[in-house]
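For reference, the structure is listed below as structure tokens.
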Amino acid sequence: MSQVERGMSQVDDLTAGVQEILIDEATLQGRIRELGAEIAEDYRGRDLLLIGVLKGAVFFMADLMRQLDIPCEVDFMAISSYGAGIDSSGVVRILKDLDVSIEDRNVLVVEDIVDSGLTLSYLLRNLEARRPTSLEVCALLTKPERRENDVPCRYIGFEIPNRFVIGYGLDFAERYRNLPYIGVLREELVAQAEA
Ligand code: 5GP
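The numbers in the sequence shown follow numbering that gives the first Met the number 0, run straight up by one, and end at 194.
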């Protein structure tokens, strides 16, 4: 099978890489409604800037924002972690910086997943240096078993076991982001990624 054909078969069957569904669509959306209500209460009457980390947090950001019944603004950053495979190296490069200054603003970083915490810990140090009034984190998923850096996440959607997950913004080799649920990547593919 040529590389193009292999690519096409993966395109044809989006669910081929999914071992099992970990968090279904209704459960995801229910929890996001709860998080939105909690965040809206905490920030009511204060200026709020949401910062999303591309590309994984885009789906979560879009749904979370629609659950906030308070005024807020949004901006995005793109970062890349050096190192191959599926483990984060913690060495982070900013590919796209914010468009706005965060000085004297209430900033809430919206993340898809906190695994070792290395990426987030770098990002928080970088943002802290820009002197926001407040800086908090809302992560849809965390893997507490893997946490190396004690990063403070004020809002957490779900704590999940140490498995490689895809869907709802999370990719494997840039694919599967458009699955509407969080699924576990098939074991053969995890092994391939780690090789
Ligand atoms: P950390 O620096 O916390 O180890 O890794 C954070 C980044 O690694 C996340 O923003 C995400 O891009 C990626 N990552 C960590 N765990 C997973 C996972 O289970 N699935 C996917 N798709 N990406 C992950």
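Note that CB positions come from ideal geometry on N, CA and C, so glycine has one too.
To the nearest angstrom, report how far apart residue i and residue j are at their CA atoms.
i      : j      : result
Leu34  : Glu110 : 13 Å
Lys54  : Ala77  : 7 Å
Phe157 : Val73  : 23 Å
Leu178 : Ala128 : 36 Å
Ser80  : Thr118 : 7 Å
Tyr167 : Arg32  : 16 Å
Ala83  : Asp103 : The predicted position of Ala83 is uncertain, since its pLDDT is 47 and thus under 50; a value taken from the coordinates is nonetheless stated next. Whole-angstrom Cα-Cα distance: 37 Å.
Ile165 : Ile93  : 23 Å
Cys137 : Ile155 : 6 Å
In this structure, what does DSSP give as the bridge partners for residue i?
i      : result
Thr141 : Val113, Glu158
Return yes when the Cβ of residue j is within less than 8 Å of the Cβ of residue i, no when it is not.
i      : j     : result
Ile181 : Leu27 : yes
Val106 : Ile50 : yes
Measuring from the CB of residue i, is there a heavy atom of ligand 1 at a distance below 7 Å?
i      : result
Phe58  : no
Gly156 : no
Ser115 : yes
Phe163 : yes
Gly44  : no
Leu169 : yes
- Query: Fully enclosed by the region 13-65, which beta strand (DSSP E) runs are 3 residues long or longer?
  - Reply: The region 13-65 contains these whole beta strand (DSSP E) runs: 17-22, 47-53.
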